[in-house]
């Protein structure tokens, strides 16, 4: 397909250039990265208006899935030209296929926040979801990120770390988050390459337990800031703080709708 187009918009022209050279393809390229996507999209649309065919590729991943490409696709649609996606390697789908998670549904979050405080707050909002939560993560942050997951989701929550999927040093390890955090921290090799982390769905809460927590949590949510209400509810009535936080968010939303 790349041999049939007039222009290739590449995340890194050096990397894509090597691939094209190996395949004996001599096609013009432009760089399309996060910082220049808007300008590159304008150039692509100019080429499309001139009757040319353009392809967009990513280095390692799928365009527009935590990679550049979404702005380009939106601009091409807006200009009235067809967009033809061609399925290829996807770290997310490969990880889900190799993980064996119990939930039939998943939520793809992409890359977590880079700053520790913001990242933990992000995890707090996701910890009670009733389905698998999928993350991408950068090598230089993976140890801290998995440690934060263990602290927020719970050290016993089952998870799967997938590294370098479909490549030479592919690694898939399933274990409780506390164990995964210790393993990643102790082995520098697990802090390299492309990484996907899948966290198992939150355990189901019994209806009678939920009702008991609501009786305590609801009045606290009405009178106090969310975090303080959850902290007091956990101290007084027990229960998983992450699950209480998710329920507190629901109660606050229901109260706002009344």
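Residue numbers (the working numbering): 1 to 258. Each residue gets a CB set at the ideal place from its N, CA and C atoms; glycine is no exception. Computed from a predicted structure; not experimentally measured.
Pairwise C-alpha distance: residue 214 and residue 207: In the chain shown, residue 207 corresponds to position 207, counting from 1. In the chain shown, residue 214 corresponds to position 214, counting from 1. Unreliable placement is indicated for residue 207, whose pLDDT of 46 sits below 50; no coordinate value is reported for it.
Stretch-stretch touch, CB-based, cutoff 8 Å, three pairs: the stretch 29 to 49 with the stretch 5 to 17: Touching, yes, given that three or more Cβ pairs across the two stretches are closer than 8 Å.
Segment contact flag, the stretch 146 to 155 with the stretch 71 to 84, C-beta cutoff 8 Å, min 3 pairs: No: fewer than three Cβ pairs fall under 8 Å.
Runs of alpha helix (DSSP H) lying entirely within the stretch 42 to 94, each at least 4 residues, in chain order: Segments of the alpha helix (DSSP H) lying fully in the stretch 42 to 94: 70 to 78.
Environment of residue 187 [buried if 16+ CB atoms lie within 10 Å]: Numbered from 1 along the chain shown, position 187 holds the residue referred to as residue 187. Classification of residue 187: exposed, given that the 10 Å Cβ count is below 16.
Proximity below 8 Å, CB of residue 2 to CB of residue 20: Here residue 2 corresponds to residue number 2 of the chain shown, with the count starting at 1. Here residue 20 corresponds to residue number 20 of the chain shown, with the count starting at 1. Yes, Cβ-Cβ distance for residue 2 and residue 20 is below 8 Å.
Integer Cβ distance of residue 328 from residue 197, believed to fall under 8 Å: Residue 328 cannot be examined here, being either before or after the span of the chain that is shown, 1 to 258.
CA nearest to the CA of residue 129, picked from 114, 108, 141: Working through the chain shown from its first residue, we reach residue 129 at position 129. Distance check between residue 129 and each of 114, 108, 141 places 108 closest, using alpha-carbon atoms only.
Per-residue burial, residue 200 [other beta carbons within 10 Å of its own, 16 or more giving buried]: The residue labelled residue 200 in the question sits at position 200 within the chain shown. With 16 or more other Cβ atoms within 10 Å, it is buried.
Reference residue 92, options 122, 133, 102, closest by Cα: Stepping through the chain shown from its first residue, residue 92 is reached at position 92. If we check each option's Cα against that of residue 92, 133 comes out closest.
CA-to-CA distance, residue 148 to residue 178, given in whole angstroms: Translated into the one-based positions of the chain shown, residue 178 becomes position 178. Translated into the one-based positions of the chain shown, residue 148 becomes position 148. Approximately 10 Å, taken between the alpha carbons.
C-alpha distance - residue 76 paired with residue 66, whole-angstrom precision: The residue given as residue 76 occupies position 76 in the chain shown. The residue given as residue 66 occupies position 66 in the chain shown. One alpha carbon belongs to residue 76, the other to residue 66, and they sit about 19 Å apart.
Continuous alpha helix (DSSP H) stretch holding residue 186: start and end: Residue mapping note: residue 186 aligns to position 186 of the chain shown, counting from 1. Start and end: 177 to 186.
Outcome for residue 68 when other beta-carbon atoms lying within 10 angstroms are tallied against a minimum of 16: As a first step, residue 68 must be located in the chain shown, where it is residue number 68. Its Cβ being crowded by 16 or more others within 10 Å, residue 68 is buried.
Opening and closing residue of the alpha helix (DSSP H) in which residue 20 lies: Within the chain shown, numbered from 1, the residue matching residue 20 stands at position 20. Unbroken alpha helix (DSSP H) run through residue 20: 13 to 22.
Proximity winner among 138, 162, 169, 175, relative to residue 150 (alpha-carbon distances): Residue numbering aside, residue 150 sits at position 150 when the chain shown is read from its first letter. That would be 175, whose Cα lies nearest to the Cα of residue 150.
Proximal residues to residue 181 (C-beta, below 7 Å), its chain only, five neighbours per side dropped: Against the chain shown, residue 181 aligns to sequence position 181. Excluding positions up to five away in sequence, the list reads 146, 147, 150.
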